[in-house]
Structures are given as structure tokens and as C-alpha cells.
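One structure below.
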Amino acid sequence: MKQYTFTKEERLCSKRWIDHLFHNGSSFVVYPFRVVFAQSPQELPFPVQVIHSVSKRKFKKAVDRNRYKRRMREVYRLEKESLYALLTEHSLHLFLAIQYISQEDIAFADMQMKMQQLIEKLKNELVKTNLGKGD
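Just so we're aligned, residue 1233 is where the sequence shown starts under my numbering, counting upward by one.
And the structure:
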């Protein structure tokens, strides 16, 4: 049985690593998400450390920002297994930032479908950049 967890160790909290991610990372958009990713310079306890963010400029109320972050964490938690499988197979470690860029409310099912697309696109990007060079 699969473990659908999202523990503290999977969250990106270090200011140093967040700066590394946004200065050295690559990005792409799968609407309503913007993704920034960078390979970790060291081995991590989990294949990915992730940060979720919602713009204060677009959502003035903290209640709204927290709702979208909660939904994002939930859909990521449910969909991350295929990404973890690819990364553990190739011994890669990533920093990942997922930003909510939409201004309108998106249903949970739609957000889950978009997260699946996001993870597939991220896997394709990783295969093109990292795995294409080594093999």
C-alpha cells in the first residue's frame, strides 16, 4: 500500500536553499501553477523538498491564501509518487517551488488534474536536462 504523506522533511524551509532555488533554478508554467526547480547540491532525506506559495498581491485575505496553499499541498501529496519514483531511480534530489498564479477559484478536481500535468512536464524537463547528458 502506498504511503501518501507529506512530512516536515519534505518541505523546503532553509532560506539558503530557497535563495539557491530562485537564483539557479529553471521555471515553467502549467496554468494555474508556476514551477521553479533546481537540482540539490547535496543529498536530501527525501528526493524533493518543496515550497508552496500564493501571491499576497492577488489574494489579499490570508484565509484565501491559506486555502489555496492547503489545496496545493493536498494535490501534491496525492500525485508525487511518480516523480519520486523517477528521482530515486536516477539518484537525483530536487528543490521545487510551486506558485499559484491564477486569480480565480479553481476546483479541487481541476487543480489535481493540473498537478498531474505539472509533474509530467517536470519529469520531461528532468529527463531532457539531467538524464540526457549522463547517458
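The beta-carbon is built from N, C-alpha and C at its ideal position, and this holds for glycine as well. Because the structure is a prediction, the values reported are computed rather than measured.
Residue i by DSSP, collapsed to three states: which one?
i: ALA1329; result: strand
i: ILE1338; result: coil
i: GLN1274; result: coil
i: PHE1291; result: coil
i: SER1314; result: helix
i: HIS1252; result: helix
i: GLY1366; result: Here the model assigns GLY1366 a pLDDT of 47, short of 50, so the residue's position is not dependable, and the following value carries that caveat. DSSP places GLY1366 in helix when its eight states are reduced to three.
Based on Cα-Cα distance, which residue from the options lies nearest to residue i?
i: GLU1321; options: ARG1303, LEU1358, ARG1309, MET1343; result: LEU1358
i: GLN1331; options: LYS1346, LEU1324, LYS1355, LEU1276; result: LYS1346
i: LEU1328; options: GLN1344, ALA1317, ASP1342, LEU1350; result: LEU1350
i: ARG1302; options: SER1285, SER1334, TYR1316; result: SER1285
i: ARG1248; options: LYS1288, GLN1274, VAL1267; result: GLN1274
i: VAL1272; options: ASP1342, PHE1254, ILE1333; result: Reading the sequence as shown, one finds Ser at residue 1272 and not Val. Comparing Cα-Cα distances from SER1272 to each of ASP1342, PHE1254, ILE1333, the minimum goes to PHE1254.
What whole-angstrom Cβ distance do residue i and residue j have, given they're in contact under 8 Å?
i: MET1238; j: LEU1326; result: Here residue 1238 is Phe; the residue named in the question, Met, does not match the sequence. That pair is no contact at about 15 Å.
i: VAL1282; j: ARG1243; result: 7 Å
What span of residues does the alpha helix (DSSP H) with residue i cover, start to end?
i: VAL1359; result: Unbroken run through VAL1359: none, as it is neither H nor E.
Taking the continuous beta strand (DSSP E) assigned at residue i, which residues delimit it?
i: SER1285; result: 1280-1286
i: PHE1238; result: From DSSP, PHE1238 is part of no beta strand (DSSP E); its letter is neither H nor E.
i: SER1259; result: 1258-1262
Kindly examine the ligand MN and report whether one of its heavy atoms sits closer than 6 Å to the Cβ of residue i.
i: LEU1328; result: Absence of the ligand MN from the depicted structure is noted, as is the absence of any ligand whatsoever, leaving it without description.
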